[in-house]
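Asker: Take the sequence shown: its letter number 18 is residue 12 in this note's numbering, and every next letter is one higher.
Note that the Cβ used here is the ideal one computed from N, Cα and C, for glycine as well.
Keep in mind that this is a model prediction, so the values were computed, not measured.
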Amino acid sequence: MNSADPDRVIAAARAWLGTPYHDQASLKGIGCDCLGLARGVWREVVGPEPFPIPPYSRDWGETGPREVLAEGARRMMPEIAPADATPGSLVLFRMMPRAIAKHVGILTAPDTFLHAYERLGVIEEPLTQAWRRRIAFAFLFPQR
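1. Please state whether DSSP places Ala(-2) in a helix, a strand or coil.
2. I'd like to confirm the pairing. Which residues does DSSP put opposite Gly12 in its beta bridges?
3. Assign Arg138 to buried or exposed, taking buried as 16 or more other Cβ atoms, counted over all protein chains shown, within 10 Å of its Cβ.
4. For Arg138, does the three-state DSSP call read helix, strand or coil?
5. Could you check if Gly82 is buried or exposed, using at least 16 other CB atoms within 10 Å of its CB as the buried criterion?
6. From which residue to which residue does the beta strand (DSSP E) around Arg113 run?
7. Please tell me whether Arg113 and Tyr50 are closer than 8 Å, where the distance is taken between their beta carbons.
8. Would Gly162 and Ala110 qualify as a contact pair, given that the criterion is a beta-carbon distance under 8 Å?
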């Protein structure tokens, strides 16, 4: 499976900058959460979403041991080692040590990423060491 053009992924992601944060939403300029951002970029870069996302609670990441996000991403995206993630890669973060990965971002440069963050909406910020060490999984958007 070939991967999508990273510049196209980054441009699609940056078009979401300023979108307010809203749980379970995926509407550019209106509202999204981190998964909704990734879903919106997927729709623009790859095409229709391959399966519906079931409703999820705000605490879904604290309620079980399964790597739900990683399992879902593996169904439709090539997985790469986190150390091999480059601009245009989708990355999944563990927000606490030994917790499941529950936050999604898209690398926009070797030292920046874009994500939807509660109270801030979609922002691009430095990929600090604190963020970098939380990366648990990395994936590539497939070519359309």
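Answerer: From the atom records:
1. Coil at Ala(-2), not helix or strand.
2. Gly12 pairs with nothing; no bridge assigned.
3. In summary, Arg138 is exposed, with fewer than 16 beta-carbon neighbours lying within 10 Å of its beta-carbon over all protein chains present.
4. The three-state reading of DSSP puts Arg138 in coil, since its state is none of H, G, I, E or B.
5. Classification of Gly82: buried, given that the 10 Å Cβ count is 16 or more.
6. From DSSP, Arg113 is part of no beta strand (DSSP E); its letter is neither H nor E.
7. With contacts defined by Cβ atoms closer than 8 Å, Arg113 and Tyr50 do not form a contacting pair.
8. Because the chain spans -5 through 138 in this model, residue 162 falls outside it and cannot be assessed.
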